[in-house]
Structures are given as structure tokens and as C-alpha cells.
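Using mature numbering (1 follows the signal peptide of the UniProt record, and there is no 0), the letters of the sequence shown map in sequence onto residues -2 to -1, 1 to 320. Report on the structure given below.
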Amino acid sequence: QGNLNQLAKAAGKLYFGSATDNSELSDSAYVNVLKNKDEFGQITPGNTQKWQYTEPSNGVFDYTQGDVITNFAEANGQILRCHNLVWHNQLPSWVSSGSWTAAQLTDVINAHIASEVGHYKGQCYAWDVVNEALNDDGTFRADVFYNVLGTSYLPIAFKAAAAADPDARLYYNDYNIEYSGAKATAALNIVKTIQAAGAPIHGVGFQGHFIVGGTPSQTDLTNVLNSFVALDVDVAYTELDVRFSSLPANAAGYAQQANDYGAVVGACLAVSRCVGITVWDFDDKYSWIPSTFSGQGEACLYWQNLTAKPAYYKVQSLLAAA
Ligand code: G3I
């Protein structure tokens, strides 16, 4: 029936892609699937562009590990979603525990973004500029950025990214904003805040970390995407996976998982400004879920032995039919 990226492009999308991570690239069976641009036309580095790797101490920049992934993608003709610039997590303690004035932290953000986005200039189709600024109730996360700068850190970050790479598409990226509710409303307000400050924002990334049987309906997903598109931004599913909340799974569970993946793909297909879908790795062997949610997992399109699940065939058939 065809490969996922090829089918997504034929359906008018820019890409179907996957996250990956440095340690995975020594697994040749996995790499043989990952490197096929017809299957995954887009790559996101799962870790090594994050602040803890790229500026481990103030003014000391290191792109060696991030470059391994970006070079891999370029060698294989895959576009890059670059991830991420400003995030409370995987943030070195010199940033999170510093006692900053507003002016000092602004300089820190500007220097970090100027260096990293400058280093990758011309290579990133998109950047996740700010990641996960919100709590699940829609209030702002009280991280160092918000505590010192309030919401002004949002336009500061987007302006800095635009200055360093005017061609990159600049995204706000978060989870639990895929369905209607307080957090989605707060994310809409983030877009408005950035726009009102005269800073560029081109897209919103919907991570899409869902649970089998608990995935929002395609209708709700589509409506939420459209509410963002109404603010004149692109949208994308950036970290899709659908995990079982208890294991082992059975055939009915795999069928449900297929339908859940299908709802997300269907929503993206229904919205022309949904530019693409990225899975947060495609192989259960490398899923982040089991180490974070004990007893949960099997969230990916492929089993550990690299055979495709019913969810894979559901995604494939929906893309093919579009
Ligand atoms: O690199 C060290 C290694 O040296 C050490 O031996 C090992 C021991 O635990 O840890 C390794 O670091 C781990 C890193 O992944 C690389 O494998 C960290 O402990 C681990 O916490 C880290 O997890 C990552 C997580 O973000 C951190 O929050 C996941 O791989 C990554 O998939 C996940 O990705 C996030 C997105 O960036 C944002 N959205 C949510 C998504 C899932 O949590």
C-alpha cells in the first residue's frame, strides 16, 4: 500500500516523521527502517538538541550529539523538526537555579537561542521554540522563565529564534492541548500573546501522547486544530504515541489502538494547515513510556521486533485513502 511519508505527501502533507535518539543509531535493524525517507520523511532529535546538551554551562556550547542526528537526517534526505529551545525540563541547573534579574535571564535566553538556532541555521524546517509552558489546568508553569520574566519570555524567545534563522517555522509545542479544555484555551492565548507582542509564531505542535481507549475523538481533535488555524498558524502532531495503560495487550486492545491512531491521522487529514505527523519513535524498543509510566507501554506503531502493528496498517490505509 506504500510507505507512510510517501502516502502523507500524496495526501497533501509535508511529511510523516519520527523522533529518534543518538543511542538508537547503533541498532542497524532499526536504522534500516528509520533512514527510509519514504517511510519517515522527517526526523526530530528526541534529546540532544535540548539545553542540557547544547549549553551545559553558561556560554559553553556543544552541538556534537545534536549534529549526529541532524547529519543523519540530511544524509537520508529527511527534513528536521528541531527540538527544543526553552523548556523547564532537561534544563541545566545553572539556568534553573540561577538568581537572575529579568535583564540577565533575557540575555541568557537570547544568547542560547542565537547560538543554537544560528548553529543549525538553514537545517531546521521547524523549531519548537517554547515547549510545555503550561500546567494541565491552563495556568503557567512556575519555572525560572515565568518566575523571572512572566509571559514576556514567550515573545523574547520567538524573536530571538526568528533573528537567528528567518526561514525556520517557529512553534509553540505542548501536550494535553489536543482536545478542548482549559489548557487548549491557554495555548490559544499563548499564540495571541506572542502575536500581540509583534513576535513571529508560525505553528503550534500538539504532542499527542495518548492512551489506548482514552484518545480524544477525531471530531474534538479536528475542532481544536481549527481553533488554532483560525489564528493563522500551522498545526502539527509532533510526538504521537498511544500507550496501553496496562499490559499485556490483547487483540481488542490493538484494534482500539489502531482506531486511536486513526482518529489523530484523520484529524490532521481534515485540516489543510496540519502540515504533518511525527511519532515519538516508531518502535516499542525505544519508547520513552515504560521508564516514565511503570507498567504501561506498547505505544508505538511497531513492536520491539520491528513488525508493524494494526495501528500501522490503520495509519497507512487512512493516508492512502486521503
Ligand atoms: O543520557 C543519559 C545517560 O548517560 C544515562 O546513562 C541514562 C541513565 O538513565 O540517562 C540518559 O539520559 C536520559 C535521556 O532521556 C536520554 O536517554 C534521561 O535519563 C531521560 O530522562 C531522558 O528522557 C527523555 C525525556 O524527554 C526527558 O524529559 C526521553 O528520552 C524523551 O523521549 C522525552 O521527550 C519528551 C519531549 O522532549 C517533550 N515532550 C514529552 C516527551 C516525552 O517525555
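Even for Gly, the Cβ is constructed at its ideal location relative to N, Cα and C.
Anyone know if the C-beta pair for residue 240 and residue 297 falls short of 7 angstroms? yes
Can residue 229 and residue 189 be called in contact, C-beta distance under 7 angstroms? yes
Is it right to say residue 43 is buried, meaning 16 or more other beta carbons lie within 10 angstroms of its own, or is it exposed? buried
Which residue's Cα is closest to the Cα of residue 146: 86, 77 and 193? 86
DSSP-derived helix/strand/coil call for residue 85: coil
For the structure I just gave you, are there three or more beta carbon pairs, one from the segment 107 to 124 and one from the segment 73 to 85, closer than 8 angstroms? yes
Is the number of C-beta pairs between the segment 240 to 249 and the segment 180 to 197 that are closer than 8 angstroms three or more? no
Can you give the Cα-Cα distance for residue 286 and residue 320, rounded to whole angstroms? 30 angstroms
Would you say the segment 266 to 282 touches the segment 7 to 23, given that touching needs at least three Cβ pairs under 8 angstroms? yes
Selection from 271, 257, 266 and 302 that minimises the alpha carbon distance to residue 311: 257
Short check: CB of residue 180 to CB of residue 203, under 7 angstroms? no
Using DSSP with H/G/I as helix, E/B as strand and the rest coil, what is residue 129? strand
What's the gap between the Cα of residue 263 and the Cα of residue 205? 13 angstroms
Cβ-Cβ distance between residue 152 and residue 192 below 7 angstroms: yes
Taking 6 angstroms as the cut-off, is the CB of residue 98 close to at least one heavy atom of the ligand ATP? Here the bound small molecules are the ligand G3I; the ligand ATP is not part of this structure.
Would you identify the three-state DSSP class for residue 200, choosing helix, strand or coil? coil
Can you give me the Cβ contacts of residue 11 inside the same chain, cut-off strictly under 6 angstroms, excluding the 5 residues immediately before and after it? 274
Just to confirm the assignment, what range does the beta strand (DSSP E) spanning residue 43 have? 40 to 43
Taking only runs that begin and end inside the segment 197 to 253, name each unbroken beta strand (DSSP E) of 3 or more residues, in chain order. 201 to 204, 207 to 209 and 232 to 241
Can residue 145 be considered in contact with the ligand G3I, in the sense that its beta carbon sits closer than 6 angstroms to one or more heavy atoms? no
Span separating the alpha-carbon of residue 254 from that of residue 303: 21 angstroms
Nearest neighbour of residue 117, chosen from 53, 90, 99 and 132 [CA to CA]: 53
Going along the chain, which residues of its own chain have a beta-carbon closer than 7 angstroms to the beta-carbon of residue 61, five neighbours each way excluded? 52 and 117
Buried or exposed: which applies to residue 164, given that a residue is buried once 16 or more other Cβ atoms fall within 10 Å of its Cβ? exposed
Can you name the residues that DSSP bridges to residue 280? According to DSSP, which records beta bridges pairwise, residue 280 is partnered with nothing at all.
Environment of residue 324 [buried if 16+ CB atoms lie within 10 Å]: Not covered by the structure: residue 324. The range shown for the chain is -2 to 320.
Would you say the beta carbon of residue 301 comes nearer than 6 angstroms to a heavy atom of the ligand G3I? no
On the DSSP letters alone, give me the boundaries of the alpha helix (DSSP H) that residue 70 sits inside. 62 to 73
Consider the C-beta atom of residue 92 and the heavy atoms of the ligand G3I; say whether any pair is separated by less than 6 angstroms. no
Would you call the CB atoms of residue 122 and residue 78 closer than 7 angstroms? yes
Please determine whether the Cβ atom of residue 174 lies at a distance below 6 angstroms from any heavy atom of the ligand G3I. no
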